[in-house]
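Protein chains in written order, with this note's numbering: chain A, 107 to 220; chain B, 661 to 777.
In this text, a Cβ means the ideal position worked out from N, Cα and C, and glycines have one as well.
To start, the structure itself, in structure tokens.
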Amino acid sequence: KNQVEQSPQSLIILEGKNCTLQCNYTVSPFSNLRWYKQDTGRGPVSLTIMTFSENTKSNGRYTATLDADTKQSSLHITASQLSDSASYICVVSFAGGGADGLTFGKGTHLIIQP
Amino acid sequence: GAVVSQHPSRVICKSGTSVKIECRSLDFQATTMFWYRQFPKQSLMLMATSNEGSKATYEQGVEKDKFLINHASLTLSTLTVTSAHPEDSSFYICSARDWRGSTDTQYFGPGTRLTVL
Chain A
107 KNQVEQSPQS LIILEGKNCT LQCNYTVSPF SNLRWYKQDT GRGPVSLTIM
157 TFSENTKSNG RYTATLDADT KQSSLHITAS QLSDSASYIC VVSFAGGGAD
207 GLTFGKGTHL IIQP
Chain B
661 GAVVSQHPSR VICKSGTSVK IECRSLDFQA TTMFWYRQFP KQSLMLMATS
711 NEGSKATYEQ GVEKDKFLIN HASLTLSTLT VTSAHPEDSS FYICSARDWR
761 GSTDTQYFGP GTRLTVL
């Protein structure tokens, strides 16, 4: 069964600090892994997308890593800002499944405190 | 990036009425769109796949007669919640599939908050 597990479930850090969110998956065969940011009451917005051959990808203060061997990914946020408070969702797609072959993690709820 | 819009952003209706939600891809054509439902503090749950010019494909447990999907053009899909009840209150999100790049990408709409009284 394809599964995506995210940790921690929630996280509170002070503004300016760094943090790392984890994503483990069992999706097979793997196609790509995406990290989305979802503000409360809004739709998810794509941060990064990585295919099998990519180990890291950055988008501003967000850096995602992927280890396809261990089926793990992380999202590192540098110098956090209050606007980073949101849910971060890891989404993995399996090859040939199309977009309806997406498996969503439950997300990490991140709160940045001033 | 591509833009997907939804209308309305929030709607409050009485039990028994029907509500239509629109999803539009603004700068690309989407042969496939998806409808999700999200309950508080939960992940997105796929309800159905909307294919332009053909019938939608519903996930197990989703009533096709209750959640009517129409994808009449390459830029518009609609979800109609028929005879809505309080348990249908949720956050409904659509997404559109963009094939233009080397990797197909899904762009999500901003969501529609439905409250059924």
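Review point. For residue 731 of chain B, is the classification buried or exposed, using 16 other Cβ atoms within 10 angstroms of its Cβ as the cut-off for buried?
Key: Result: buried.
Point to revise | C-alpha distance - residue 213 of chain A paired with residue 130 of chain A, whole-angstrom precision | key: Residue 213 of chain A and residue 130 of chain A have their C-alpha atoms roughly 12 Å apart.
Review point. Among B/773, B/756 and B/745, which has the Cα closest to the Cα of residue 677 of chain B?
Key: B/745
Review point. Residue 150 of chain A versus chain C: which residues are under 7 Å apart at the beta carbon?
Key: Going by chain labels, chain C is absent from the structure shown, which instead holds the protein chains A and B.
Practice item. Kindly list the residues whose CB is nearer than 8 Å to the CB of residue 673 of chain B, restricted to its own chain and excluding five residues on each side of it in sequence; keep chain order. Key: 679, 744, 774, 775, 776 and 777
Exercise for review: Using alpha carbons as the reference points, say which of A/147, A/201 and A/156 lies closest to residue 193 of chain A.
Suggested key: A/147
Review point. Does any CB atom of chain B fall closer than 7 Å to the CB of residue 210 of chain A?
Key: Closer than 7 Å to some Cβ of chain B, the Cβ of residue 210 of chain A qualifies, so yes.
Practice item. Note down the Cα distance separating residue 132 of chain A from residue 118 of chain A, rounded to an integer number of angstroms. Key: 27 Å
Practice item. Below 8 Å between beta carbons is the criterion; list the residues of the region 726-739 of chain B that meet it against any residue of chain A, in chain order. Key: none
**Study point:** 3-residue-minimum beta strand (DSSP E) runs that sit fully inside the region 669-727 of chain B, ordered along the chain
**Key:** 670-673, 679-685, 692-698 and 705-711
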